[in-house]
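This report refers to the structure that appears directly beneath it.
Numbering (my numbering), first residue to last: -18 to 560.
Laid out in structure tokens, this is it:
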């Protein structure tokens, strides 16, 4: 700590190994706390270490990092532990911008986003609540600035200067000074042909003489040249001025400035209130129920139960209570609220009393989609310690959720037998699937704290992939193969989106990390109904059916990360080869 304090106000490139390591490991810690996998945490730490000339060897697990850093002269090992784990896709996105801002200011260039100016501007506005809107505004300013530069390149004044320069004699090696009258006369000669018709019209209207029109054009040229001479250079633009950058563009960030921005990223408040997050959970689970085959009564029950359950979960997490305890309590509350809602509706319409499966949909907001998918991706990268830990964590969450649901079902005498067929027209059913897939993925993205633009992009990908999955399963394709195809397509679409942003086909502020788009779009494919059915039959000591449902769930779950990993192998060289 004394070494870090001593280098606190030094440029980070000139600081000691302790100060450099503090920045590297803290970036990895924040990324890990946001729910991403160990392969992304290592990638992020290497992106910070590279411009500092530091080599990092890190062991990343579910809630801890042990990193050894060396600069060739000194070596230091730092260990950090997290009290718990969670998901925050906005933080993952902001850390990508931080890494680009860090690299650009240390002279190595942007590694992730095509236009680093957005990252630099965003790092100056981390105090704003809606960082996505800030990045959009910066992107718009960049477009306007480029448009102005293109317009300046077509400015006739530049043509005048070229015309005057062309008059120099070929044998001259010393440039002659250009007088204002030379520029004015050249401007007039360049514009004279195109201005004759306009001048004649003006003369007919105003009655001015040719000499007066010439003087007027000469005055316009003077004012335009004066304006160009006093235009501030691009590097002085307020929003894109990197703090402390020296003349060479390197070493300008101090240790203090790096940690101050990481402080602001770490302590950002959630984008959505518990009430709005509860509404998003209600929409997501109600949509999930329809995609599983449920009807209006099932959707209403799931809407009420999931909304209340997730609102309570956000409230309890604010008090830093144990995750497994919170999961058990919130699932029980959600199941009871769903059942109570249907019983209340049953007073007016007895048909609602027959929908015993709806409460399963009310529990689906606790599905640990991020650790489930990232655990599978870690295993695909042969990082088994992290992958096994994440899958074990997923099994613990699922166990607590299904146990709570089974206990509620036993107390209130529920007997879930699945959803009744709706008998919809195939075209209408497909259109409704598209609608509810979009709403469902949007809801899960909000639960993951994604900015609204990110939510809409993920929802669009989910609309395509989940509808396709359900349609091909209806056509006779096994559910496991459908899950694989859906996840593969989601990964390819997310990679195509990233590529379109990098190539400039889409605005730079829309460059979101793949994991923030793929996981919300495929979490709705997780077979929550299968998992609960396995626990329900296990509680009834019906071992054969319990194993049947458990293996069905296992096969579908297994195919989801495999599909994403295949998409990364196809589109990413770092995944294609073992090097």
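A virtual CB, placed ideally from N, CA and C, is assigned to each residue, including glycine.
In chain order, what are the residue ranges of uninterrupted alpha helix (DSSP H) at least 4 long that sit wholly in the stretch 271 to 351?
277 to 298, 304 to 327 and 339 to 343
Contact between the stretch 481 to 495 and the stretch 55 to 62: three or more CB pairs below 8 Å?
no
Do the stretch 477 to 491 and the stretch 115 to 130 meet, that is, are 3 or more Cβ pairs less than 8 Å apart?
yes
Buried/exposed call for residue 484, threshold 16 Cβ in 10 Å
Along the chain shown, read from residue 1 onward, the residue named residue 484 stands at position 503. Residue 484 comes out exposed.
Straight-line gap, residue 20 to residue 401 (C-alpha atoms, nearest Å):
As a working note, residue 20 is residue 39 in the chain shown. As a working note, residue 401 is residue 420 in the chain shown. Answer to the nearest angstrom: the Cα atoms are 43 Å apart.
Does the beta-carbon distance from residue 505 to residue 425 come in below 8 Å?
On the chain shown, residue 505 is found 524 positions in, with the first residue counted as 1. On the chain shown, residue 425 is found 444 positions in, with the first residue counted as 1. Their beta carbons are under 8 Å apart, which means residue 505 touches residue 425 by this criterion.
Given a threshold of 16 other Cβ atoms within 10 Å of its Cβ, counted over all protein chains shown, does residue 346 qualify as buried or as exposed?
Sequence index remark: in the chain shown, residue 346 carries index 365 (1-based). That one is buried.
Close beta carbons around residue 264, own chain, < 8 Å, minus the five adjacent residues each side:
Residue 264 sits at position 283 when you count from the first residue of the chain shown. So the qualifying residues of the chain are 284, 420, 421, 423 and 424.
Terminal residues of the beta strand (DSSP E) in which residue 569 lies:
What the structure shows of the chain is the stretch from -18 to 560, and residue 569 is not part of that stretch, so it cannot be assessed.
On the CB-based measure, 16 or more other CB atoms within 10 Å of its CB, does residue 278 come out buried or exposed?
By 1-based counting over the chain shown, the position of residue 278 is 297. Counting Cβ neighbours within 10 Å, residue 278 comes out buried, since at least 16 surround it.
Assign residue 517 to buried or exposed, taking buried as 16 or more other Cβ atoms, counted over all protein chains shown, within 10 Å of its Cβ.
By one-based count along the chain shown, residue 517 stands at place 536. Buried is the call here.
For residue 401, which three-state DSSP category applies?
What you label residue 401 is simply residue 420 of the chain shown in a count that begins at 1. Three-state DSSP puts residue 401 in coil, outside helix and strand.
Can you give me the start and stop residues for the beta strand (DSSP E) that residue 56 sits inside?
As a first step, residue 56 must be located in the chain shown, where it is residue number 75. 56 to 62 is the extent of the beta strand (DSSP E) around residue 56.
Residue 43 vs residue 367 beta-carbon contact at 8 Å
Numbered from its first residue, the chain shown carries residue 43 at position 62. Numbered from its first residue, the chain shown carries residue 367 at position 386. Against a cut-off of 8 Å, the Cβ pair of residue 367 and residue 43 comes out as a contact.
Reduced DSSP category for residue 363 - H, G, I as helix; E, B as strand; rest coil:
In the chain shown, the residue the question calls residue 363 occupies position 382. In this structure, residue 363 counts as coil in the three-state DSSP scheme.
From the DSSP output, in three-state form, read off residue 45 for me.
Counting from one through the chain shown, the residue named residue 45 turns up at place 64. Residue state, collapsed to three classes: strand.
Examine the Cβ distances between the stretch 331 to 346 and the stretch -11 to 5 and report whether three or more of them are shorter than 8 Å.
no
Per DSSP, which residues does residue 50 bridge with? Please list them.
For the purposes of this step, residue 50 is taken as residue 69 along the chain shown, with counting starting at 1. BP columns for residue 50 point to 37 and 57.
As a quick exercise: from -2, 8, 110 and 325, pick the residue whose alpha carbon is nearest that of residue 51.
By one-based count along the chain shown, residue 51 stands at place 70. Per the Cα distances, -2.
Measuring CB to CB, does residue 355 end up less than 8 Å from residue 17?
Numbered from its first residue, the chain shown carries residue 355 at position 374. Numbered from its first residue, the chain shown carries residue 17 at position 36. A contact, by the Cβ cut-off of 8 Å.
In whole angstroms, what separates the C-alpha of residue 444 from that of residue 551?
Along the chain shown, one-based indexing puts residue 444 at 463. Along the chain shown, one-based indexing puts residue 551 at 570. Rounded to the nearest angstrom, the two C-alpha atoms are 22 Å apart.
Buried or exposed for residue 549, going by 16 or more other Cβ atoms inside 10 Å?
As a working note, residue 549 is residue 568 in the chain shown. So residue 549 counts as buried.
Taking the CB atoms as reference points, tell me whether residue 575 and residue 449 lie closer together than 8 Å.
There is no way to answer for residue 575, as the model of the chain reaches only from -18 to 560.
For the alpha helix (DSSP H) that contains residue 419, what are its first and last residues?
For this step, residue 419 is matched to residue 438 along the chain shown. Taken as a continuous stretch (DSSP letters only), the alpha helix (DSSP H) holding residue 419 covers 407 to 428.
Measure the C-alpha to C-alpha separation of residue 527 and residue 376 and round it to an integer number of angstroms.
What you label residue 527 is simply residue 546 of the chain shown in a count that begins at 1. What you label residue 376 is simply residue 395 of the chain shown in a count that begins at 1. Whole-angstrom Cα-Cα distance: 16 Å.
Determine which residues share a DSSP beta bridge with residue 235 and list them.
Locating residue 235 in the chain shown gives position 254, where the first residue counts as 1. Looking at the DSSP assignment, residue 235 forms a beta bridge with -8.
Hey, quick one: how far does the alpha helix (DSSP H) through residue 25 stretch, first residue to last?
Translated into the one-based positions of the chain shown, residue 25 becomes position 44. 19 to 30 is the span of the alpha helix (DSSP H), which, as asked, contains residue 25.
Touching or not, the stretch 387 to 404 and the stretch 306 to 326, by the rule of three or more beta carbon pairs under 8 Å?
yes
If distances are taken between C-alpha atoms only, which option among 512, 338 and 114 comes closest to residue 531?
Counted from its first residue, the chain shown places residue 531 at position 550. Checking every option, the nearest Cα to that of residue 531 belongs to 512.
Of the listed residues 525, 238 and 417, nearest to residue 104 (C-alpha basis)
Here residue 104 refers to the residue found at position 123 when the chain shown is read from its first residue. That would be 238, whose Cα lies nearest to the Cα of residue 104.
For residue 518, report the span of its alpha helix (DSSP H) as first-last.
Locating residue 518 in the chain shown gives position 537, counting from the first residue. Here the alpha helix (DSSP H) through residue 518 covers 509 to 520.
Rounding to the nearest angstrom, what Cα-Cα distance links residue 45 and residue 409 in this structure?
Position 64 of the chain shown, counting from 1, holds the residue named residue 45. Position 428 of the chain shown, counting from 1, holds the residue named residue 409. Roughly 49 Å between the two C-alpha positions.
Please report the residue range of the alpha helix (DSSP H) in which residue 492 lies.
Indexing the chain shown from 1 puts residue 492 at position 511. That residue, residue 492, is in no alpha helix (DSSP H); it is neither H nor E in DSSP.
Could you check if residue 419 belongs to the surroundings of the ligand ADP, using beta carbon to heavy atom distance under 7 Å?
Of the ligands one can find in the structure shown there are none, so the ligand ADP has no counterpart to examine.
So which of 501, 464, 486 and 455 has the shortest CA-CA distance to residue 547?
On the chain shown, position 566 is the one that residue 547 refers to. The shortest C-alpha separation from residue 547 is found at 464.
DSSP on residue 458, reduced to helix/strand/coil?
Your numbering for residue 458 matches position 477 in the chain shown. Residue 458: coil per DSSP, three-state reduction.
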